[in-house]
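Engineer: In this text, residue positions in the sequence shown follow this note's numbering: the first is 1338, and each later residue adds one.
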Amino acid sequence: MLALLLEQKDGSTVSAVKQVSPDNLPEGNVTIDVEWSGINYKDALAITGKGKIIRQFPMVPGIDFAGTVRESQDARFIAGQSVILTGWGVGETHWGGLAEQARVNANWLVPLPQGLSSRQSMIIGTAGFTAMLCVMALEEGGITPESGEILVTGASGGVGSTAVSLLSTLGYQVVAVTGRASNHDYLLSLGANSVISREAFNDASRPLEKQRWAGAVDTVGSSLLAKVLSQMNYGSTVAACGLAGGFDLPTSVMPFILRNVRLQGIDSVSTPLDRRQMAWQRLTKLLPDHFYQQAVTEIPLDHAAHVATELMENRVTGRTLVKIK
Ligand code: NDP
């Protein structure tokens, strides 16, 4: 089988598409013929070696994939069934989806929901799944479309763009934050009501600023998230899932103790199965047909490393799909 293999050479990560025997696949009770995978931020960190994502080499990256069961020793899955995998450390500590075959634990798999193709499921991918978890967190925080405007940071990225589309479909007023002026029309076409330049969030935040946002989906972290927190309405919720701008958070307790702001962390890797299935059902129902036509780039496996470099340089808009079969 063909696989994108990451190896260590002189302390650096090197990647190449190679023939690998399926005998080398890791332990697991379901083997899948991978049809589609994607290039996520975490994949880009792993492939370029810019983030210490991978500790054991050789490794096949690819934190998400969709495909067809080839062999199963678990009664819940049968040969020929379509499945999705995101998270669980696949593509980090366990060989991932950037290969013709993958072998995983059955507990990690979600059956492909009816009404969704495997290609569509990877247009959504880990990024879209995470966006859904963020939206669910806002709902669980009691934020409704009547509460006020919802801010989405890093809006041109995989998580941000899907969050914009989901929130807009649910009737929320969405304000997208982007560092790329060229993406304003794209974000409006996804359903954003307005777009703000990231520069507007550059100056140092005071502990509390004018209240502006009923909710926020933050994919950026660091000083941008601190600024957003200082502008949140009384009783609002922020779903924080990303660190595209840095993993620090230079803020104060003021928004929490004086404005009752809820900062909800979002992890998509270890989400329990029932919540996973709920999120996938909702994604299938909510995302409009035009979402699947927006900013999707399809590449073969041997372009994955190049796109990973572009993604690290913030030159990729939307989702990159890797066509395996
Ligand atoms: P992308 O690279 O597709 O998007 C990130 C976006 O953030 C970019 O498109 C850009 O948007 C913005 N951005 C990039 N660099 C900076 C910067 N230095 N400062 C401020 N904004 C920046 O990544 P994803 O959407 O796939 O992921 C977003 C984040 O969420 C990542 O940090 C990722 O690791 C994390 N993540 C977390 C998950 C979890 O389970 N918690 C799951 C999936 C992702 P623009 O140009 O519009 O400003």
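Ideal Cβ placement from N, Cα and C applies to all residues, glycine included.
Is it buried or exposed, residue 1654, if we count other Cβ atoms within 10 angstroms and call 16 or more buried?
Structural biologist: Label assigned to residue 1654: buried.
Engineer: Using C-beta distances below 7 Å, list every residue in its chain close to residue 1390, excluding the 5 sequence neighbours before and after it, in chain order.
Structural biologist: Hits under 7 Å: 1379, 1382, 1383 and 1429.
Engineer: Select from 1373, 1643 and 1441 the residue whose C-alpha is nearest the C-alpha of residue 1361.
Structural biologist: Comparing Cα-Cα distances from residue 1361 to each of 1373, 1643 and 1441, the minimum goes to 1441.
Engineer: Write down the C-beta distance between residue 1575 and residue 1566 rounded to the nearest angstrom, noting that I regard them as a contact closer than 8 Å.
Structural biologist: 6 Å between Cβ atoms; contact.
Engineer: Candidates 1558, 1632, 1581 and 1601: which alpha carbon is nearest residue 1281's?
Structural biologist: Residue 1281 cannot be examined here, being either before or after the span of the chain that is shown, 1338 to 1662.
Engineer: Taking all protein chains shown into account, decide if residue 1597 is buried (16 or more other Cβ within 10 angstroms of its Cβ) or exposed.
Structural biologist: Its Cβ having fewer than 16 others within 10 Å, residue 1597 is exposed.
Engineer: Regarding residue 1564 and ligand 1, is the C-beta to nearest heavy atom distance less than 8 Å?
Structural biologist: No; taking the cut-off as 8 Å, the Cβ of residue 1564 has no heavy atom of ligand 1 nearer than that.
Engineer: Return yes when the C-beta of residue 1613 is under 8 Å from any heavy atom of ligand 1, and no when it is not.
Structural biologist: The answer is no for residue 1613.
Engineer: When you compare only the Cα positions, how much space is there between residue 1416 and residue 1348?
Structural biologist: Computed Cα separation, rounded: 41 Å.
Engineer: Counting C-beta neighbours from all protein chains within 10 Å, is the total for residue 1353 16 or more, i.e. buried, or is it exposed?
Structural biologist: Residue 1353 comes out exposed.
Engineer: Might you give, ordered along the chain, the residues of its own chain that have their beta carbon closer than 6 Å to the beta carbon of residue 1350, omitting 5 neighbours on each side?
Structural biologist: Here the set comprises 1343 and 1386.
Engineer: Among the candidates 1463, 1580, 1401 and 1627, whose CA atom is the shortest distance from the CA of residue 1667?
Structural biologist: Outside the shown range of the chain, which is 1338 to 1662, sits residue 1667, and nothing can be said about it.
Engineer: Take residue 1366 as the anchor and find which of 1408, 1403 and 1641 has the nearest alpha-carbon.
Structural biologist: Nearest option by C-alpha distance: 1408.
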